[in-house]
Amino acid sequence: MATVLVASNRGPVSYKLGEDGSLDARRGGGGLVSGLSAVSSQESLWVCAALGEGDREAVRRGVGEPGVRMLDIDPDTYADAYNGIANSVLWFLHHHLYDIPREPVFDAEFRRRWDAYRAYNRAFAEALAAEADEGAAVLVQDYHLALVPGQLRELRPDLRIAHFTHTPWAAPEYLRMLPEDIHRELLRGMLGADRLGFHTEAWAASFRSCAGAEGEGTRVAVHPLGVDADELRALAHRPEVDERLARLREEVGDRKTIVRVDRTELSKNILRGLLAYRELLTTHPEWRDRVVHLASAYPSRQDLESYRLYTASVAALADEINAEFGTPDWQPVLVSVQDDFPRSLAAYRLADVALVNPVRDGMNLVAKEIPVVSEAGCALVLSTGAGAYEELKEDALTVNPYDVSETADALHRALSMPTSERADRTKRLATAATALPPQRWFLNQLEALRAR
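The number in the working numbering is simply the position in the sequence shown, starting from 1, with 2 added.
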C-alpha cells in the first residue's frame with residue numbers, strides 16, 4: 003500500500019524483450035521521474051500501462067521495479083483508447099486541430115472506441131483504489147486518464163485526488179463538439195478530483211469556462227513546469243553531445259544558426275516556421291549564406307496517417323528551400339528526422355536564435371531549455387500559442403503563429419540583435435525558465451493536495 007501514487011500512461015521504466023528471452027529494463031527521465039524522486043520510494047507507487055511486448059512480458063513474469071506497477075491492458079483496448087480517443091480525439095480537441103469541414107465525425111465507431119477509453123481509465127482507477135492507503139494522495143497525469151478522478155472517487159471517496167493536464171484545454175465551443183453525453187462524462191471525470199492543475203492561466207481559464215457552475219467544488223490551479231538547470235547543463239556537456247557539436251560546427255561554419263527542436267506533431271507549426279525562413283531569405287537576401295536553420299523534427303505518432311503525411315511535408319519543404327537557395331558551399335536547412343537527443347542538445351548550445359512557434363501548446367519546454375544551454379546566448383522567437391508565452395513574453399520576440407511574414411521579420415530582428423542585448427535577454431529567459439524545476443513543481447502540487 004502507498005501514501006503517494008502517480009498514474010500516467012507511460013511509466014518511469016520500460017522493458018525490451020531480447021531474442022534469448024531476456025528482459026532489459028530502461029529507466030526514463032522527465033519532470034515526473036525527477037519529482038517523484040523527492041518522495042520516499044517506500045511510500046510511493048507509480049501506476050502505468052505496459053506499452054509494448056517487453057513490458058507485457060515483464061508483467062506476466064512478475065518482474066518489476068520497486069515502486070512501479072504496470073497494467074497489462076488488452077492490446078486492442080489500449081490501441082482504441084490511446085490512438086483512437088486520446089490522440090485522435092482529445093488531443094485534436096485540446097489543440098484545436100480539426101479540419102472542420104471533414105472532422106470530427108462522432109459515429110458508432112467513435113463510441114466503440116470511447117468504451118475502450120472508459121475501460122482503460124477504469125483499469126487505472128481500480129489499480130489505484132487497490133494500492134492506496136487510507137487518505138492517500140493520488141496525482142493523475144494528462145488527457146489519457148481524464149476519467150480516472152471521477153471513477154476513483156466512486157471507488158475510494160477517502161482519497162485526495164489531483165489531476166494535471168500537460169496539454170492546453172479546449173475552448174468551450176470546441177469541447178462542445180463532443181456528443182452531449184460524452185462531453186458530460188469527460189467533465190464529470192475531471193471534476194472527481196479535489197485539485198486540477200494546468201501549465202498556464204489561459205488553459206485553467208478554458209477549463210473553468212467549460213465546467214461552469216459544476217466546477218465550483220474543485221480547485222483549479224496553475225503550475226508552470228520549468229527545467230532543472232544543473233541537470234540540463236550536465237546532459238548538454240556529455241561526450242556524445244560534444245561529438246555532435248563538433249560535427250554541427252563543421253557543417254555550419256562561421257554562419258549564424260536558427261534552431262528548432264520539435265516532434266513532428268501537427269500543433270508544432272513546423273511548416274509555417276520553414277515558410278517564414280524561406281520568406282526571410284527572400285526579403286532579406288543579405289542573410290543568404292550567412293545563416294543555417296538547424297531543424298530537429300522527431301518522428302511522432304507515425305501509426306496515424308495525418309502524422310506521416312505531415313512528416314513527409316516537412317522534409318519536402320526543407321528540400322524545396324535548399325533547392326531554391328542552396329549553393330555548393332551552403333545548405334540553408336539541415337533537417338534531422340531522427341530521434342537524436344544528443345544532436346538536439348548540441349544544437350541548443352550552438353543556437354543564436356531559437357524558433358518556437360506552435361499554434362497551441364501546453365507548455366513547450368524547448369523554449370525554456372535553449373536559453374539555459376545556449377553558449378553565446380540566443381534570441382527567442384516565440385509564438386503566442388506556446389504555454390511558455392505567459393512566462394517568457396517580456397524577453398522573447400513574440401509572433402502570431404499563423405503570420406508567416408511577422409515570423410520572418412522576427413527572425414531578421416533576432417539575427418540582427420546586438421550581442422549585449424541578446425545576452426541580457428538570455429539571462430532573464432533562463433531565470434524564468436528555471437523558476438519551478440520538476441521536483442519543486444511536483445512537490446508544490448503534492449503539498450497543496452495534502453493541505454486541502
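Here a beta-carbon is modelled for each residue, glycine too, at the ideal position from N, C-alpha and C.
In this text the structure is predicted, and so the values were computed from the model without any measurement.
Am I right that A410 and E326 are in contact with their C-beta atoms under 8 Å? What's the rounded C-beta distance?
With a Cβ gap of about 15 Å, A410 and E326 do not count as contacting.
Beta-ladder partner(s) of S385, from DSSP
According to DSSP, which records beta bridges pairwise, S385 is partnered with V401.
Identify which residue in L34, L25, V41, L47 has its Cα closest to the Cα of R58.
It is L25.
Which one or two residues does DSSP pair with W332 in a beta bridge?
In the DSSP output, where bridge partners are listed per residue, W332 has T329.
The beta strand (DSSP E) enclosing V358, as first and last residue numbers:
Bounds of the beta strand (DSSP E) holding V358 are 355 to 358.
Taking buried to mean at least 16 other C-beta atoms within 10 Å of its own C-beta, is G137 buried or exposed?
Within a 10 Å sphere around the beta-carbon of G137 sit fewer than 16 other beta-carbons, which makes this residue exposed.
Can you tell me whether A299 is helix, strand or coil according to DSSP?
The answer is strand: DSSP assigns A299 an E or B state.
Residue of N359, V293, V91, A248 minimising C-alpha distance to T259
Nearest option by C-alpha distance: V293.
Among the residues of its own chain, which have a CB less than 7 Å from the CB of R345, if the five just before and after it don't count?
So the qualifying residues of the chain are R246, S298, S338.
Find the nearest neighbour of F126 within the set R155, H98, L234, P334, judged by alpha-carbon distance.
For F126, the nearest C-alpha among the options comes from R155.
At the level of alpha carbons, what is the spacing between L188 and P181?
Rounded to the nearest angstrom, the two C-alpha atoms are 11 Å apart.
Bridge partners for Y17 per DSSP, in chain order?
Beta-bridge pairing links Y17 to A27.
If you reduce the DSSP assignment to three classes, tell me which class K270 lands in.
DSSP places K270 in helix when its eight states are reduced to three.
Does the distance from the CB of V224 to the CB of E203 come in under 8 Å?
By the CB criterion at 8 Å, V224 and E203 fall inside the cutoff.
In the DSSP assignment, what are the bridge partners of W48?
V8, V70, per the DSSP bridge assignment.
So, at 8 Å on beta carbons, what are the nonlocal neighbours of L73 in its own chain, with the 5 sequence-adjacent residues on each side left out?
Cβ neighbours of L73 within its own chain (closer than 8 Å, five residues either side excluded): V49, C50, A51, A52, V61, A125, F126, A129.
Start and end residues, beta strand (DSSP E) containing A136
With the sequence shown as reference, residue 136 is identified as Glu, and Ala is not the correct amino acid for it. Note, E136: beta strand (DSSP E), 134 to 143.
For S418, tell me which candidate among R257, A236, L47 has the shortest Cα-Cα distance.
Of the candidates R257, A236, L47, R257 places its Cα closest to the Cα of S418.
Less than 8 Å separating the beta-carbons of N359 and V335?
It is not a contact, given that the beta carbons lie outside the stated cut-off.
Note down the Cα distance separating H146 from N123, rounded to an integer number of angstroms.
Cα to Cα, H146 sits roughly 8 Å from N123.
For V107, count the other beta carbons within 10 Å of its own beta carbon; 16 or more makes it buried, fewer makes it exposed. Which is it?
The residue is exposed, with fewer than 16 neighbouring Cβ atoms inside 10 Å.
If you draw a straight line from the alpha carbon of S302 to that of E423, how long is it in whole angstroms?
S302 and E423: Cα-Cα distance of roughly 36 Å.
Residues near L92 in its chain [Cβ-Cβ closer than 6 Å; skip 5 each side]
Around L92: Y145.
Neighbourhood of A349 by C-beta distance below 7 Å, restricted to the same chain and skipping five residues each side:
The answer, listed in chain order, is L250, V261, V263, L296, S298.
With a threshold of 16 other CB atoms inside 10 Å of the CB of D22, please say whether the residue is buried or exposed.
Counting Cβ neighbours within 10 Å, D22 comes out exposed, since fewer than 16 surround it.
Segment limits, alpha helix (DSSP H) that includes I372:
Start and end: 368 to 375.
8 Å Cβ shell around T436 - same chain, five flanking residues per side excluded
For T436, where only same-chain residues beyond five positions count, the Cβ hits under 8 Å are G228, V229, D230, A231, K370, V374.
Among L237, T313, E408, S407, which residue has its Cα nearest to the Cα of S376?
Taking only the C-alpha atoms, the option nearest S376 is L237.
Which listed residue (T5, V140, G54, C212) has its alpha carbon closest to that of Q447:
Per the Cα distances, V140.
From A81, A4, H201, residue whose alpha carbon lies closest to that of E45:
Nearest C-alpha to E45: A4.
Rounded to the nearest angstrom, how far is the Cβ of R210 from that of V222, given a contact under 8 Å?
Contact holds; Cβ gap of about 6 Å.
Please confirm whether I87 and R115 have their CB atoms less than 8 Å apart.
With contacts defined by Cβ atoms closer than 8 Å, I87 and R115 form a contacting pair.
Does the Cβ of P439 have 16 or more other Cβ atoms within 10 Å, making it buried, or fewer, making it exposed?
Classification of P439: buried, given that the 10 Å Cβ count is 16 or more.
Report the three-state DSSP secondary structure of R424 (helix, strand or coil).
In this structure, R424 counts as helix in the three-state DSSP scheme.
Assuming L177 contacts T220 under a Cβ cut-off of 8 Å, what Cβ separation, rounded to an integer in Å, is found between them?
About 16 Å separates the CB atoms of L177 and T220; that is not less than 8 Å, and the two are not in contact.
Within the same chain, show all residues whose beta-carbon is closer than 8 Å to that of R162, passing over the 5 residues directly before and after it, in chain order.
G137, A138, A139, V140, D196, L451, R452, R454.
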